[in-house]
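Which chain is which? The protein sequence lines are A and B, in order. Numbering-wise (numbering that gives the first Met the number 0), the first sequence opens with residue 0 and increments by one. Numbering-wise (numbering that gives the first Met the number 0), the second sequence opens with residue 0 and increments by one. A virtual CB, placed ideally from N, CA and C, is assigned to each residue, including glycine. Structure first, then comments.
Protein chains: 2
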Amino acid sequence: MKFVHIYKGTIVHAPKLGEFECHENAYLVTENGMIAGIFDTLPQKYAGLWVEDLEGKIIIPSFTDLHVHAPQYIMMGMGFDLPLLEWLNTYTFKEESRYRDPEFARRVYNRLAHELIRRGTTRVVMFSSLHREATHVLMEELERAGITGYVGKVNMDRNSPDYLCETTEESLSETRRWLEECRGRYQYIKPIITPRFTPSCTDELMAGLGRLAEEYDIPVQSHLSENDAEIAWVKELHPDTERYYESYEKFGMWKKGTVMAHCVHSDEVERKAMLDAGVWVAHSPDSNTNIYSGIAPVRKMLNEGLKVALASDVAGGAKLSIFHAAGEAIRASKLRYYYSGKKEEEAYLTVPEAFYLATSAGAEYFGAGPGFKEGDALHAIILDDSILPPSRDLTPAERIERLLYADDDRTIAGVVSEGRRII
Amino acid sequence: MKFVHIYKGTIVHAPKLGEFECHENAYLVTENGMIAGIFDTLPQKYAGLWVEDLEGKIIIPSFTDLHVHAPQYIMMGMGFDLPLLEWLNTYTFKEESRYRDPEFARRVYNRLAHELIRRGTTRVVMFSSLHREATHVLMEELERAGITGYVGKVNMDRNSPDYLCETTEESLSETRRWLEECRGRYQYIKPIITPRFTPSCTDELMAGLGRLAEEYDIPVQSHLSENDAEIAWVKELHPDTERYYESYEKFGMWKKGTVMAHCVHSDEVERKAMLDAGVWVAHSPDSNTNIYSGIAPVRKMLNEGLKVALASDVAGGAKLSIFHAAGEAIRASKLRYYYSGKKEEEAYLTVPEAFYLATSAGAEYFGAGPGFKEGDALHAIILDDSILPPSRDLTPAERIERLLYADDDRTIAGVVSEGRRII
């Protein structure tokens, strides 16, 4: 006996980059939380079942956030008058060191998990801090709130302040212990290997992490080519490399499913290496602007067939909201287009494209979609735009555009994660 | 007998560009709504009077919005995949034509006025549509909500669609009639002469409007050097001019108190003409990015001593929020800085600078400030950041930065306009 849930409303998703697919007054049916289909007329087999009438509301796939630093939630929107490396030293490392206290972590991560859900993000690829215990707390709180995805205990054994640094041995043994403790402990949250970035990891640590990723068959996340000063530093630390990505590649961490945040300055060669390896770009436009790293060449990446999805990058990003990330992705792309002399190959992101990057693209990372795909567990947001200013009758596409730019979590009236209605 | 109101809390304002002045646990005293002073210790003369204890909250000057299109409120966040001139024809003109119906105008403007207040904007320089009656409705609704400032009936007699166009004669006679009707009718809202922009006004209309501005001794608002195609068009229409601004200057509208929106592409000569004439720049960063006009040279303008204040430019801007405008001003300035090769003369806006442009700069346009100045009517916002994520103890400056980037109207706990507590 299957549990059937029928949602009726305006259904909008993006099975293809650049196009909305809209169904007005249609039915989205799940069976045991799995999508059975979108139907303009309710099939006979569901006749007589209760229908959740979401008249006037819009149902879209929920958001994914491919790069977000959980411990930095407490410093969101702060310190942006500083560039990346100074910002790390002045703000970030100090705040992250507070998570040595698991009780402190509990208070913050409980709230973080609930805010993610409230903003419609149900799947994440997330950095914790270097603390093993606090990382478990984070995983527990996400799982409890109904969020799915990957969390990584951060590794850093050099170029880090005393109060936020491990020895190489500690870093590796704590990571192994954490991976062992994760076995069977979480249903929806999985571990991911997480060297902070090349400057904060010795070669020995990198090599050890690469081996762990292989041994446990789990993916890797880190940072790549974010900022000029950082790139120059990596080149100094790895004089044998031509490009930043090689510092990950040589330790077995450049592989299918690896997520690299930023890639603002990745040139053709580095981008080709991503494409060939199946490495994902976590595009973090707000962060790249806030700490003026630059504007990532997203149009080129998409044209080249790279896997790109949106990320908040809190706290380089100022907001958890993926509506905000999508708006800033469009804004940044328009300025890149403008500064290119309005070249075709730098064409800005349209609203349907940003929507795709916010929903379908990330879902693919988790093996789902694109869009609402039969057989997938339902991840969805129910949007209520009646609280926005009065307007003429709008098309579903216009309604989505307005909701995106309004970026108001009060328009998020319901959230479904992994088939479970959690708001 | 004076009515004294004493606010106690953390008081933050920006009497000078680039610096916060912060008073923790201090008193802001008004007498009959006028600022009597900020005091770290309450003066003897106020001893024993009731004190409104805003413990934990922050009191800042309220926001000014130097350029906003009231009728476009109903299309906020829509059509941004199009550049300026196409966006006007596809969306804007159609929506504006609906205000021929004063009852429609009433419903929209009532809500607009309340949303402005809810977002902490108490002083505006605003475009209405070309409709005289709807313009009165707008002025009434703003006045009723407690907002102060300028509203202009729009003038347009060419290059406009049939359904949103006047004859030259109509445009001038309706404007004169409107100005006459304004006499003695409003206490806080004043009229301002408003040619839409050069392409939509014949020389005859421009000349007539220039004379009206002189005869009634009132200021002028319009658009200037927003977008390349627009600038080229103005040059075609006025082949005798070197620069866009001359198309206003030759009709007597380039004068002290004139507000020009955008000025994205104003070069040194045009900027010098602004400085010499006392013309104000309404800097609309979100709009300039959304319809990819470019990034205005705000740092240069400030270095040169121009009068610049922030504007939402709804609906080229996607939000009424001046926190949002400030955030986008900082973001855009960082990308301009980045693309300049990080040149000193293009240094990005800091948070205290954006705060100044959002509060003190605009207040000066209205003859007040900078900051909380003795003798001015109080315009203030009471901010509650307790709803933001947990954090360590923050300085007042850090709290303001966080509030700015959070851009959440739920942090606006109270609003005072012209000495009156309106929220």
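- If the cut is a Cβ gap below 9 Å, which residues of chain B does A/K299 touch? Under the 9 Å cutoff, chain B gives no residues; its nearest Cβ is about 17 Å from A/K299.
- Contact with chain A by B/T288, beta-carbon distance below 9 Å: yes
- Query: What is the DSSP secondary structure of A/D52, reduced to helix, strand or coil?
  - Reply: strand
- Task: Return the first residue and the last residue of the beta strand (DSSP E) that B/W253 is part of.
- Result: Counting along the chain, B/W253 falls outside any beta strand (DSSP E), and DSSP gives it neither H nor E.
- Per DSSP, B/M77 forms a beta bridge with which residues? Note: B/M77 sits in no beta bridge, so no partner.
- Spatially closest choice to A/V173 from A/T147, A/G326 and A/H135, by CA coordinates: According to the sequence as given, residue 173 of chain A is Glu; it is not Val. Of the listed residues, the one whose Cα sits closest to A/E173 is A/H135.
- Query: Where DSSP assigns a beta bridge to A/E20, which residues make up the other side?
  - Reply: A/H12
- Message: What does the alpha-carbon distance come out to for the pair A/V150 and A/S127?
- Response: 7 Å
- Item | Span of the alpha helix (DSSP H), counted from its first residue to its last, around A/K299 | V297 to N302
- Beta carbon of B/L236, beta carbon of B/M259: below 9 Å? no
- Interface residues of chain A facing B/V350 [CB-CB closer than 8 Å]: F79 and D80
- Query: Do three or more CB pairs link the region 92-102 of chain A to the region 14-33 of chain A at distances below 8 Å?
  - Reply: no
- Message: At the 9 Å Cβ level, is A/V107 part of the contact set with chain B, yes or no?
- Response: yes
- Integer Cβ distance of B/A328 from B/L348, believed to fall under 8 Å: 6 Å
- Is A/N289 helix, strand or coil when you go by DSSP? helix
- Looking at the C-beta of B/G76, does it have a partner C-beta in chain C at a distance below 9 Å? No chain C appears in the structure shown, which is made up of the protein chains A and B.
- Query: Listing by chain order, which chain B residues have their CB less than 7 Å from the CB of A/Y355?
  - Reply: Going along chain B, no residue has its Cβ under 7 Å from A/Y355, so there is no contact; the nearest lies around 14 Å.
- Which chain A residues sit within Cβ distance under 7 Å of B/G457? Because residue 457 of chain B is not part of the residues shown, which for chain B are 0 to 422, the question remains open.
- Message: Measuring straight from C-alpha to C-alpha, what distance separates A/G304 and A/G361?
- Response: 15 Å
- Item | Contacting residues, own chain, Cβ-Cβ under 7 Å from A/A412 (five flanking each side not counted) | K56, I381, L382 and D383
- Query: Between the region 376-392 of chain A and chain B, which residues of the former have CB atoms less than 7 Å from a CB of the latter, in chain order?
  - Reply: P388, P389 and S390
- Around the C-beta of B/Y162, are 16 or more other C-beta atoms found within 10 angstroms, so that it is buried, or is it exposed? exposed
- With 9 Å as the threshold, decide whether the Cβ of A/K333 is near any Cβ in chain B. yes
- Message: Between A/D98 and chain B, is the shortest Cβ-Cβ distance under 9 Å, so that the two count as touching?
- Response: Residue 98 of chain A is actually Tyr in this sequence, not Asp. False, the Cβ-Cβ gap to chain B never drops below 9 Å.
- In chain B, which residues lie less than 9 Å from A/Y337 when you measure between Cβ atoms? T288, Y291, S292, G293 and I294
- Item | Within-9 Å CB hit, B/A325 to chain A | no
- Quick one: what does DSSP say B/T134 is sitting in, helix, strand or coil? helix
- Query: Name the chain B residues that come within less than 7 Å of A/I481, Cβ to Cβ?
  - Reply: Examination of residue 481 of chain A is not possible in this model, given that chain A is present from 0 through 422 alone.
- Message: Excluding the 5 residues flanking A/E352 on each side, which residues of the same chain have their C-beta closer than 7 Å to its C-beta?
- Response: L16 and G17
- Item | Span of the beta strand (DSSP E), counted from its first residue to its last, around B/D64 | F62 to H68
- Task: My understanding is that A/H68 touches A/V124, with C-beta atoms under 8 Å, so please give their C-beta distance in whole angstroms.
- Result: At roughly 11 Å, the Cβ-Cβ gap does not stay under 8 Å, so A/H68 and A/V124 are not in contact.
- Message: Can you give me the C-alpha to C-alpha distance between A/K372 and B/K341, rounded to a whole angstrom?
- Response: 46 Å
- So which residues on chain B does A/A133 lean against when the C-beta distance must stay under 8 Å? Neighbours of A/A133 on chain B: none; closest Cβ ~15 Å, over 8 Å.
- Between the beta-carbon of B/T358 and the beta-carbon of B/A144, is there less than 9 Å? no
- Query: Where DSSP assigns a beta bridge to B/W279, which residues make up the other side?
  - Reply: B/V258 and B/K306
- Query: Between which two residues does the beta strand (DSSP E) harbouring A/H222 extend?
  - Reply: Q220 to L223
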